[in-house]
Amino acid sequence: MKVFTRNWSVDSLRRIMPQISIIIRTKNEEDSVGMTLQGIFRQKGDLSPEVLVIDSGSTDRTLEIAGTYPVKIITIPPSDFTYGHALNRGIRESSGKIACLLSAHSVPEGTEWLAELVKPITGGTAHATYGRQIPVKGVNPFEEVSLSRHFPETERAAGRVPFSNANCAFLRQMWEKVQFDEKLTSWEDYLWYILLKDSYTFRYCPRAAVSHSHPFSVRDIVQRRYNDGMAFRMIKDTYGIDVVEDLYPGMTAKLRMFLSDMASHAVFFSKKGYKKYILLIPVVRICAYFTYWRGFRSAG
Numbered sequence: 001m002k003v004f005t006r007n008w009s010v011d012s013l014r015r016i017m018p019q020i021s022i023i024i025r026t027k028n029e030e031d032s033v034g035m036t037l038q039g040i041f042r043q044k045g046d047l048s049p050e051v052l053v054i055d056s057g058s059t060d061r062t063l064e065i066a067g068t069y070p071v072k073i074i075t076i077p078p079s080d081f082t083y084g085h086a087l088n089r090g091i092r093e094s095s096g097k098i099a100c101l102l103s104a105h106s107v108p109e110g111t112e113w114l115a116e117l118v119k120p121i122t123g124g125t126a127h128a129t130y131g132r133q134i135p136v137k138g139v140n141p142f143e144e145v146s147l148s149r150h151f152p153e154t155e156r157a158a159g160r161v162p163f164s165n166a167n168c169a170f171l172r173q174m175w176e177k178v179q180f181d182e183k184l185t186s187w188e189d190y191l192w193y194i195l196l197k198d199s200y201t202f203r204y205c206p207r208a209a210v211s212h213s214h215p216f217s218v219r220d221i222v223q224r225r226y227n228d229g230m231a232f233r234m235i236k237d238t239y240g241i242d243v244v245e246d247l248y249p250g251m252t253a254k255l256r257m258f259l260s261d262m263a264s265h266a267v268f269f270s271k272k273g274y275k276k277y278i279l280l281i282p283v284v285r286i287c288a289y290f291t292y293w294r295g296f297r298s299a300g
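Here this note's numbering is used: the sequence shown runs in plain steps of one and ends on residue 300.
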């Protein structure tokens, strides 16, 4: 049973200083961290967020740029980095009743992003929220397919991503109950959602939008899918949750998913004018599935 512990109003939150803590993970983000911080500090309203930057070994101008803004910078050794560890460290060092997690390359759209993101929490209709992620056109067509599918302009439909820590907010008390798994190579936000969804309410906020894209790179795709495979195997072995089998039980469902995935990429590329990428679809997607399987097997 989901129980709301308190119906906070914006006025009551303003009396908590600081009431919102924004935690940003960085490593070599000089091209985007300035735009992201600029977007944060031009938000309308009196929410007065505390901003923490958790850096894991940047060797470019990331820290120099971040230091020009009123933020708290925390550095961790690259050898200690996992997404879960960086997030837990940032939240632990923060003081807000509401934690907001934002990727360094998630640039807020407009001046009401933060207000829209926390509105369901302060209004007492949700404990956690996550916002829309808008791909930057032409940067990574393959990622555009995924982000357009999972983060629509309107309310989230069934079968879409149920939570993402690239652009989210939640009551600190949720994290105090369940922290992010620090051993996972990825998908720590999905696991966190699974462990808490029966006790708390999560809500998608399409008006709390950010621009979020990674440059297209086959090497990056391979590494990400390998990490995903490792993470899914660790989730299965540690928590008894078989993510892929739960979503696509049996080989027939998996084959249908694969064919649907290939077709949806082809349709999207044709509509968006990315026809030169169509021939790459089988190469990139088969490579992604193969390296996912390698990662899954390697963690066993």
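We put the CB at the ideal spot given by N, CA and C, even for glycine.
- Could you check the C-alpha separation between THR62 and LYS27 for me, to the nearest Å? Along the sequence shown, one-based indexing puts residue 62 at 62. Along the sequence shown, one-based indexing puts residue 27 at 27. One alpha carbon belongs to THR62, the other to LYS27, and they sit about 7 Å apart.
- Query: Is there at least one Cβ from chain B nearer than 8 Å to VAL51's Cβ?
  - Reply: Although the question refers to chain B, the structure presented lacks it and comprises just one protein chain.
- Between which two residues does the beta strand (DSSP E) carrying ASN167 extend? Mapped onto the sequence shown, residue 167 falls at position 167. Unbroken beta strand (DSSP E) run through ASN167: 167-171.
- Do you know offhand how far ILE286's Cα is from ASP189's? To locate residue 286, count along the sequence shown from 1; it is residue 286. To locate residue 189, count along the sequence shown from 1; it is residue 189. One C-alpha to the other measures close to 25 Å.
- Can you check the segment 55-111 for any beta strand (DSSP E) of at least 3 residues that lies completely inside it and give the ranges in chain order? Every beta strand (DSSP E) of 3 residues or more that sits fully in the segment 55-111 is shown, in chain order, as 72-75, 98-103, 106-108.
- State the Cα-Cα distance for the pair SER164 and SER58, rounded to the nearest angstrom. Counting from 1 along the sequence shown, the entry for residue 164 is found at position 164. Counting from 1 along the sequence shown, the entry for residue 58 is found at position 58. Their backbone Cα atoms lie some 24 Å apart in a straight line.
- Message: Below 8 Å on the Cβ atoms is my contact criterion, and I expect ILE74 with GLY90 to pass it. Report the Cβ-Cβ distance as a whole number of Å.
- Response: Translated into positions along the sequence shown, residue 74 becomes position 74. Translated into positions along the sequence shown, residue 90 becomes position 90. With 8 Å as the limit, ILE74 and GLY90 qualify as a contact, their Cβ atoms being about 7 Å apart.
- How about VAL243 and PHE258: are their beta carbons less than 8 Å apart? In the sequence shown, residue 243 corresponds to position 243, counting from 1. In the sequence shown, residue 258 corresponds to position 258, counting from 1. Not in contact: VAL243 and PHE258 (Cβ atoms no closer than 8 Å).
- Query: What do you get for ASP220, buried or exposed, if any count of 16 or more other CB atoms within 10 angstroms of its CB means buried?
  - Reply: Counting from one through the sequence shown, the residue named residue 220 turns up at place 220. Exposed is the label assigned to ASP220, since fewer than 16 other Cβ atoms lie within 10 Å of its Cβ.
- Item | Distance CB(SER298)-CB(MET230) smaller than 8 Å | Numbered from its first residue, the sequence shown carries residue 298 at position 298. Numbered from its first residue, the sequence shown carries residue 230 at position 230. Less than 8 Å divides the Cβ of SER298 from the Cβ of MET230.
- Message: Within the continuous beta strand (DSSP E) that includes ARG132, where are the two ends?
- Response: Translated into positions along the sequence shown, residue 132 becomes position 132. Per DSSP, ARG132 belongs to the beta strand (DSSP E) from 128-134.
- Out of curiosity, what's the CA-to-CA distance linking PHE170 and GLU50? In the sequence shown, counting from the first residue as 1, residue 170 sits at position 170. In the sequence shown, counting from the first residue as 1, residue 50 sits at position 50. The straight-line gap separating the alpha-carbon atoms of PHE170 and GLU50 is approximately 15 Å.
- Helix, strand or coil: which one does DSSP assign to TYR302? Only positions 1 to 300 of the chain appear in the structure, and residue 302 is not among them; the question remains open.
- Can you tell which of VAL145, PHE142, ILE194 has its C-alpha closest to the C-alpha of TYR239? Here residue 239 refers to the residue found at position 239 when the sequence shown is read from its first residue. Across the set VAL145, PHE142, ILE194, the C-alpha of ILE194 shows the shortest separation from the C-alpha of TYR239.
- Task: Assign ILE241 to one of three DSSP states: helix, strand, or coil.
- Result: The residue you call residue 241 lines up with position 241 of the sequence shown. Coil at ILE241, not helix or strand.
- Item | Supposed contact pair PHE269 and ILE278 - C-beta distance, whole angstroms, cut 8 Å | Residue mapping note: residue 278 aligns to position 278 of the sequence shown, counting from 1. Residue mapping note: residue 269 aligns to position 269 of the sequence shown, counting from 1. With a Cβ gap of about 5 Å, ILE278 and PHE269 count as contacting.
- Query: Leaving out the 5 sequence neighbours to the left and right, which residues in its chain are closer than 7 Å to ARG294 when beta-carbon positions are compared?
  - Reply: Within the sequence shown, numbered from 1, the residue matching residue 294 stands at position 294. When the five nearest sequence neighbours on each side are left out, the beta carbons in the same chain lying within less than 7 Å of the beta carbon of ARG294 are those of TYR226, GLY229, in order along the chain.
- Task: Classify THR125 as buried or exposed, calling it buried when 16 or more other Cβ atoms lie within 10 Å of its own Cβ.
- Result: Numbered from 1 along the sequence shown, position 125 holds the residue referred to as residue 125. That one is exposed.
- Task: Check whether the segment 117-136 touches the segment 145-152, counting contact only when three or more Cβ pairs, one atom from each stretch, lie closer than 8 Å.
- Result: Contact between the segment 117-136 and the segment 145-152 is present, with at least three C-beta pairs closer than 8 Å.
- Cβ separation of ILE54 and ILE24, assumed to be a contact under 8 Å, to the nearest whole Å: As a position in the sequence shown, residue 54 is number 54, starting the count at 1. As a position in the sequence shown, residue 24 is number 24, starting the count at 1. Right, the Cβ-Cβ distance comes to about 7 Å (below 8 Å), so this counts as a contact.
- Along the chain, where does the beta strand (DSSP E) that runs through ILE278 open and close? Working through the sequence shown from its first residue, we reach residue 278 at position 278. Where ILE278 is concerned, there is no enclosing beta strand (DSSP E), given that its DSSP letter is neither H nor E.
- Given a threshold of 16 other Cβ atoms within 10 Å of its Cβ, counted over all protein chains shown, does SER260 qualify as buried or as exposed? Translated into positions along the sequence shown, residue 260 becomes position 260. Exposed, since its Cβ has fewer than 16 Cβ neighbours within 10 Å.
- Query: Can LEU87 and ASN167 be called in contact, C-beta distance under 8 Å?
  - Reply: Working through the sequence shown from its first residue, we reach residue 87 at position 87. Working through the sequence shown from its first residue, we reach residue 167 at position 167. Inclusion of LEU87 and ASN167 in the CB contact set at 8 Å is not warranted, their separation being larger than that value.
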